[in-house]
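Q: Top to bottom, those sequences are chains A and B. Counting in our numbering, the first sequence runs from 1 upward without gaps. Counting in our numbering, the second sequence runs from 416 upward without gaps. Glycine included, each C-beta is placed from N, C-alpha and C at the ideal position. As the structure is a computational prediction, the values presented were derived from the model and not from experiment.
2 protein chains.
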Amino acid sequence: MVAVDGARLWRDLMDIAKIGATSRGGSHRLALTDTDKRARDRFAFWCEEAGLTITRDEMGSMFARREGRNPELPPIIVGSHLDTQPLGGRFDGVYGVLAALEAIRSLDREGIATDHPIEVVNWTNEEGSRFSPATMASGVAAGAWGLEETLARTDKDGVSVGDALQSIGEAGTRPARLSPPHAYLEIHIEQGPVLEAEGLPLGVVEGARGQVWYNLSITGTEAHAGAAAMNLRRDALAAAAEIISMVEKFALIEHPDAVGTVGSIKASPNSPNVVPGKVDLTVEFRAFDHDALRRLDGHFRAGLEDVARRRSVAIEHEVSMRTDPVSFDPSLVDALADAAESAHIPYRRMASGAGHDACRIAAIAPAAMLFIPCVGGLSHNEAEEITPAWAEAGARALTLGILAADRLDFIAFAD
Amino acid sequence: MVAVDGARLWRDLMDIAKIGATSRGGSHRLALTDTDKRARDRFAFWCEEAGLTITRDEMGSMFARREGRNPELPPIIVGSHLDTQPLGGRFDGVYGVLAALEAIRSLDREGIATDHPIEVVNWTNEEGSRFSPATMASGVAAGAWGLEETLARTDKDGVSVGDALQSIGEAGTRPARLSPPHAYLEIHIEQGPVLEAEGLPLGVVEGARGQVWYNLSITGTEAHAGAAAMNLRRDALAAAAEIISMVEKFALIEHPDAVGTVGSIKASPNSPNVVPGKVDLTVEFRAFDHDALRRLDGHFRAGLEDVARRRSVAIEHEVSMRTDPVSFDPSLVDALADAAESAHIPYRRMASGAGHDACRIAAIAPAAMLFIPCVGGLSHNEAEEITPAWAEAGARALTLGILAADRLDFIAFAD
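1. If you count every other CB in all the chains shown that lies within 10 Å of the CB of residue 14 (chain A), and 16 or more means buried, which is it?
2. On a CA-only basis, which of B:629, B:670, B:648 is nearest residue 229 (chain A)? Give me that one, please.
3. Counting only Cβ pairs nearer than 8 Å, list the residues of chain B close to residue 188 (chain A).
4. Which runs of the beta strand (DSSP E) spanning at least 3 residues fall entirely within the segment 40-68 of chain A, listed in chain order?
5. Could you name the residues of the same chain whose beta carbon sits closer than 6 Å to that of residue 174 (chain A), not counting the 5 residues immediately before and after it, in chain order?
6. Using a Cβ-Cβ cut-off of less than 8 Å, list which residues of the segment 709-731 of chain B approach chain A; keep chain order.
7. Considering only the alpha carbon of each residue, which of A:288, A:360, A:31, A:117 lies closest to residue 71 (chain A)?
8. For residue 415 (chain A), decide whether its Cβ has a neighbour in chain B, counting only Cβ atoms nearer than 8 Å.
9. Assign residue 833 (chain B) to buried or exposed, taking buried as 16 or more other Cβ atoms, counted over all protein chains shown, within 10 Å of its Cβ.
10. Measuring alpha carbon to alpha carbon, tell me which of B:698, B:712, B:697 ends up nearest residue 704 (chain B).
11. By the three-class DSSP mapping on this structure, what secondary structure does residue 188 (chain A) have?
12. How is the alpha helix (DSSP H) around residue 767 (chain B) delimited, first residue to last?
13. Run through chain A and tell me which residues come within less than 9 Å of residue 628 (chain B), C-beta to C-beta.
14. To be precise: take each residue of the segment 252-272 of chain A, compare its Cβ to all Cβ atoms of chain B, and keep it if any distance is under 9 Å. Which residues remain?
15. With distances taken Cα to Cα, identify the nearest neighbour of residue 502 (chain B) among B:494, B:660, B:542.
16. Where residue 112 (chain A) and residue 340 (chain A) are concerned, what is the direct C-alpha to C-alpha distance, given to the nearest angstrom?
17. Name the chain A residues that come within less than 9 Å of residue 646 (chain B), Cβ to Cβ?
18. Step through the CB atoms of chain B and report whether any lies within less than 8 Å of the CB of residue 381 (chain A).
19. Would you mind reading off the limits of the beta strand (DSSP E) that contains residue 657 (chain B)?
20. Can you give me the Cβ contacts of residue 570 (chain B) inside the same chain, cut-off strictly under 6 Å, excluding the 5 residues immediately before and after it?
21. Check each residue of the segment 344-357 of chain A: if its Cβ is closer than 8 Å to any Cβ of chain B, include it; give the result in chain order.
22. Given that residue 237 (chain A) touches chain B, what residues does it touch there, using C-beta distances under 8 Å?
23. Residues of chain B with a CB under 8 Å from the CB of residue 332 (chain A): which are they?
24. Does residue 192 (chain A) get closer than 8 Å to chain B when you measure Cβ to Cβ?
25. Closest by CA to residue 520 (chain B), which one among B:693, B:480, B:549?
26. How about residue 209 (chain A): is its C-beta nearer than 8 Å to some C-beta of chain B?
27. Using a Cβ cut-off of 8 Å (strictly closer), state whether residue 468 (chain B) contacts chain A.
28. How would you list, in chain order, the residues of chain A whose beta-carbon sits under 9 Å from the beta-carbon of residue 502 (chain B)?
29. With a threshold of 8 Å between beta-carbons, can residue 29 (chain A) be considered close to chain B, or not?
30. Below 8 Å between beta carbons: does that hold for residue 273 (chain A) and residue 226 (chain A)?
31. Just reading off the alpha helix (DSSP H) that residue 565 (chain B) is part of, what are its end residues?
32. For residue 522 (chain B), which three-state DSSP category applies?
33. Measure from the C-beta of residue 282 (chain A) to each C-beta in chain B and report whether the shortest distance is under 8 Å.
34. I need the boundaries of the alpha helix (DSSP H) containing residue 85 (chain A), first residue and last residue.
35. With distances taken from CA atoms, which of A:389, A:5, A:182, A:322 is nearest residue 108 (chain A)?
36. Measuring only between beta-carbons, confirm whether residue 701 (chain B) sits less than 8 Å from chain A.
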């Protein structure tokens, strides 16, 4: 049985957490910023210390390679991301990268070779906070969108992904479009309350919610808040309020299959005594069921037309991201479950509410995920918390999962 | 009959409009910024050119004095403000300052002396956009709030009013608490559609809506937008949406007496795939009727408690401003109406929906206002527009109003 060094893994997690630490115990490392760069450098240092060879692709994603007995075989890729939300926690993404590194170290310690090479990956900009969309680099890797258009995307200050990559020196030459690996594995905190509530240290993830994201722009008429009569107003924020309530209502109707969120809003001119003339907001729906997602999309668009007509405001909307519900590779999922079973790690099969880089790579290769619990289900929150015991059990399951994947002979992959 | 130089007045208006001009034809001159300073300098230059003596008070408000036959008499103060909304128009405030200056020039040209000194005032920060509250300096002048607390107020970057005054060199030594003037007059664009719709060039303003402004802070729980189940969320933005709709509904119930507005909103962390954990917003109600304003305040507070309880969010609220409905001095209002009548300027008596510096000064001295029309009732909007003919007629009425006020012998003033 392979042992992992849980103390070392925890020390590494706490060490990275110092980079971009927030006053309330969280992490602030937006993609391709200087703090992201410092976390990348720390990760690269540890990889080199472990004898791994690092390459970077055109999107700046980092691949730290441990050679296989047969270097000609496609690699097993294992990892997640080091970037965080503006006020994120210390474990979302980071845990998956460092657990993968600890898995490699464990194989080294035990003197275990694999047939397939193993690459630990740190995907650029999984969060999608500074640059939209989320799972940006894994999306390019899987061909969900193109490299050129993605490099041209800009943050709110007008800085492009390409320029940001150059400015921190993380643009590589390995093609961003990924050659299908033998298998892709990712371990992540659950970001929900189920595992903790059931007292289980591990989830074997069978699939993930589909998503549709919209950017909305509502245009009404700026007016003096004291003089403009209520019945003559074209108040863009009052229209936005109706839309926010509508998103919540539609998602509640599809509960528990679906969720719906307005996460970001910007009103203009955003002055206390001016009726807002313009509001931009983001809307997203997620559902496990294809049909539920289609219903939400349809009702939402009809609702926007209704609000626009009744309030005489213009509402532009664009779909900024759309992903179908994902089913992970059944044989890989079974192999992960068997590995947990054989190591006597209690687990349950479950689905992911959130999107992950694994959902992207699932389009081009056998992919699956493991979850560990997080306290209170909190994530995308500075108070995000896990225990060292959970971290260690997860890394052990991941190590065994890598070995199981190495032995698997996948039937020809088709999504 | 006194003639005013309408061409000169229009040239001055267009000249100031170049300072902080926006691409869509509006003005961006937030209080105590460098652009505000440039407008102040231009105004000071013209005042000195007209032989006026400028003093600045501790709040940076500028008073340009034309001596009276009896310098011992309290002055007639006439003016408005040069600061604008973030995306404001070219006439809100500015017109009132420059029309007052043009009135003085007209008296000079005609060789007319007044018994009382006349002071043209530019009040600091009427708009309340950069620093809250609105009518900041006239509020200090009238004793609505204190000087020290006001100088300590900060903008969103943490810069205080006091520091901003120092940095543009506009802090003066004249006491910010104003000695009651003989009378206060202010001319302003209507910021509503009534005068234009009725084809009248002038409004004689009898009073203004009372106001109550709130700062709200809603605290829920940040959560992952994909993983957090709808029924377990404490979404601060969904709570805010309910409040925005509630403000609109309550104001509509009191239509046409009242208006209600949420002008400014800030969500945190404001990331597309994070359920917002915190939202700050501003709310205001205005009404002509005391009782309507009291009802709105009461219903709103009860509504906040209801939202907080149902959604398990914390809602803190503070009243950032409260003013009673204002009735201007009846004898001064009558004198303005008589002056318009004798000059054959068609007018109507009306009330102001918006607050103005005049509403503050009305607490310590006889005060009244004149309105000129604005196109489509638009204000607090880059498209704000007036005609040169309206500007000239207003300045003429103001000049006559000053002369009428000079002759008035007010019965002991009591609010």
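A: On the basis of the data shown:
1. exposed
2. Of B:629, B:670, B:648, the smallest CA-CA separation from residue 229 (chain A) is found for B:670.
3. The premise fails here: residue 188 (chain A) is roughly 10 Å from chain B at the closest Cβ pair, so nothing lies under 8 Å.
4. Inside the segment 40-68 of chain A, DSSP marks whole beta strand (DSSP E) runs of 3 or more residues at positions 53-56, 62-66, from first to last along the chain.
5. So the list reads 55, 57, once near-sequence residues are dropped.
6. The residues in question: there are none.
7. A:117
8. Here the model assigns residue 415 (chain A) a pLDDT of 47, short of 50, so the residue's position is not dependable and the matter cannot be decided.
9. Past the boundaries of the shown model lies residue 833 (chain B); chain B is included only from 416 to 830, so the question cannot be answered.
10. Among B:698, B:712, B:697, the Cα nearest to that of residue 704 (chain B) belongs to B:712.
11. strand
12. Looking at the DSSP string, residue 767 (chain B) is not in any alpha helix (DSSP H); the run it does join, the beta strand (DSSP E), is 762-767.
13. 272, 273
14. 252, 254, 255, 256, 258, 259, 260, 261, 262, 263, 264, 265, 266, 267, 268, 269, 270, 271, 272
15. B:542
16. 19 Å
17. 252, 255, 256
18. yes
19. Where residue 657 (chain B) is concerned, there is no enclosing beta strand (DSSP E), although the alpha helix (DSSP H) it sits in stretches over 651-668.
20. 545, 546
21. Within the segment 344-357 of chain A, the qualifying residues are 352, 353, 354, 355.
22. Contact of residue 237 (chain A) with chain B by beta-carbon distance below 8 Å involves 659, 677, 678, 680.
23. None at all; the shortest Cβ gap to chain B is about 22 Å.
24. yes
25. B:480
26. It does; some Cβ of chain B falls within 8 Å.
27. So no, residue 468 (chain B) is outside the interface.
28. 222, 268, 269, 271, 274, 277
29. Not an interface residue.
30. Yes, Cβ-Cβ distance for residue 273 (chain A) and residue 226 (chain A) is below 8 Å.
31. 562-566
32. helix
33. yes
34. Here residue 85 (chain A) belongs to no alpha helix (DSSP H), and DSSP marks it neither H nor E.
35. A:5
36. yes
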